[in-house]
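A.B. asks: Residue numbers (my numbering): 2 to 293. Beta carbons: idealized from backbone N, C-alpha and C, even for Gly. Keep in mind the model is a prediction, meaning the values are calculated, not measured.
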């Protein structure tokens, strides 16, 4: 059984086309917007703390990822409008929005274009202005874009999780050797954090995600202005200071632009800091307060 089958995800018709979605938990609704790459499986992993805290998590695959076809829904504004259309299809008037990384641009634009639909916005290491696609090392291409690579990744998940955690944290942050060793041990010792990193590994395999990933990089490189100064909803920005994926300057830029935004910096945190940092529980508690 695939991860998406385990989620019981379905295609829901919206005014802007079909979207792969799932709803987990019960309580105040939170729309969960995954990064690049990602999909509804990554959104589920992001949302586990929400469900545990008594929230209803609305998960989706953004266009071009897994079960949501890209079609003509390519621009950031089109994808922001699609998020609002998903809420319409689910008869949800307002929701909190939790976004990570490449989910930032469409979530910012949702708050700008449809502020009445957003009760609170939490963006974790989110892209906030133009960013160029990084040069992917050959080793990553082999791991994430080939069948043997996918097989090896599953092998690490099942039989060498500590090694996978170390490799993931090391690739997503500028940690010293000593910091990486200590952080790996901390994450491995915590069942929730360990499951987050290990399970996340399966959501970066490019198969059935490549169209979305390619489109994201094309759109992100062409960002002129997300009009962040027009965001009027309560906003929390969470950033690890050692993030090497979406560097801290993106959150600092957004904090300077979004009126009243709160910037929470997790010292020496990687791109996964909101879920894996020693202070992640406190960060998540603050996020719950902002999400409404």
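How big is the Cα-Cα spacing for residue 82 and residue 184?
C.D. replies: The straight-line gap from Cα to Cα measures roughly 39 Å.
A.B. asks: Comparing C-alpha positions only, which one of 161, 117, 119 and 33 sits nearest to residue 103?
C.D. replies: The option with the nearest alpha carbon to residue 103 is 33.
A.B. asks: Could you tell me if residue 159 is buried or exposed, where buried requires 16 or more neighbouring beta carbons within 10 angstroms of its beta carbon?
C.D. replies: So residue 159 ends up on the exposed side.
A.B. asks: Give me the residue from 188, 179 and 177 with the minimum Cα distance to residue 165.
C.D. replies: Residue 188 is the option with its Cα nearest to residue 165.
A.B. asks: Look at the alpha carbon of residue 17 and the alpha carbon of residue 268, and state the distance between them as a whole number of angstroms.
C.D. replies: Distance between the alpha carbons of residue 17 and residue 268: 40 Å.
A.B. asks: Give me the Cα-Cα distance between residue 127 and residue 111, rounded to the nearest whole angstrom.
C.D. replies: Their backbone Cα atoms lie some 14 Å apart in a straight line.
A.B. asks: Whose C-alpha, out of 239, 72, 288 and 181, is nearest the C-alpha of residue 212?
C.D. replies: It is 72 whose Cα lies nearest to the Cα of residue 212.
A.B. asks: Relative to the alpha-carbon of residue 117, which residue among 169, 214 and 233 has its alpha-carbon at the smallest distance?
C.D. replies: For residue 117, the nearest C-alpha among the options comes from 233.
A.B. asks: Considering only their Cβ atoms, is the gap separating residue 124 from residue 239 smaller than 9 Å?
C.D. replies: Closer than 9 Å, so yes.
A.B. asks: According to DSSP, is residue 27 helix, strand or coil?
C.D. replies: Correct three-state label for residue 27: coil.
A.B. asks: With which residues is residue 128 paired in a DSSP beta bridge?
C.D. replies: DSSP output for residue 128 lists no bridge partner at all.
A.B. asks: Taking the beta strand (DSSP E) that residue 240 falls in, what are its first and last residues?
C.D. replies: Residues 236-241.
A.B. asks: Residue 291 lies in the beta strand (DSSP E); which residues open and close that run?
C.D. replies: Not the beta strand (DSSP E): residue 291 falls in the alpha helix (DSSP H), residues 281-292.
A.B. asks: Do you know offhand how far residue 209's Cα is from residue 80's?
C.D. replies: One C-alpha to the other measures close to 18 Å.
A.B. asks: Which class does residue 259 belong to by DSSP, given the choice of helix, strand or coil?
C.D. replies: Residue 259 falls in the coil class under three-state DSSP.
A.B. asks: Under 8 Å: do the region 276-283 and the region 250-260 share three or more Cβ pairs, one atom per stretch?
C.D. replies: With a cut-off of 8 Å, the region 250-260 and the region 276-283 do not count as touching, because too few Cβ pairs lie within range.
A.B. asks: Beta strand (DSSP E) containing residue 14: first to last residue?
C.D. replies: Per DSSP, residue 14 belongs to the beta strand (DSSP E) from 11-15.
A.B. asks: Taking 8 Å as the threshold, find out whether the region 21-41 comes into contact with the region 53-63 through three or more Cβ pairs.
C.D. replies: These segments touch.
A.B. asks: Go ahead and pull the three-state DSSP assignment for residue 228.
C.D. replies: DSSP places residue 228 in coil when its eight states are reduced to three.
A.B. asks: Reducing DSSP to helix, strand and coil, say where residue 22 ends up.
C.D. replies: Residue 22: strand per DSSP, three-state reduction.
A.B. asks: Measure from the alpha carbon of residue 220 to the alpha carbon of each residue in 105, 244, 202 and 271, then state which is nearest.
C.D. replies: Of 105, 244, 202 and 271, the residue nearest in Cα terms is 105.
A.B. asks: Just confirm the distance between the C-beta atoms of residue 64 and residue 214, as a whole number of angstroms; I'd bet it's less than 8 Å.
C.D. replies: With a Cβ gap of about 11 Å, residue 64 and residue 214 do not count as contacting.
A.B. asks: Report, in whole angstroms, the separation of the C-beta atoms of residue 224 and residue 130, which I expect to be a contact under 8 Å.
C.D. replies: Right, their Cβ atoms sit about 6 Å apart.
A.B. asks: Beta-carbon within less than 6 Å of residue 293's beta-carbon, same chain only, minus the 5 sequence neighbours each way: which residues are those?
C.D. replies: Cβ neighbours of residue 293 beyond the five flanking positions: 97, 120 and 121.
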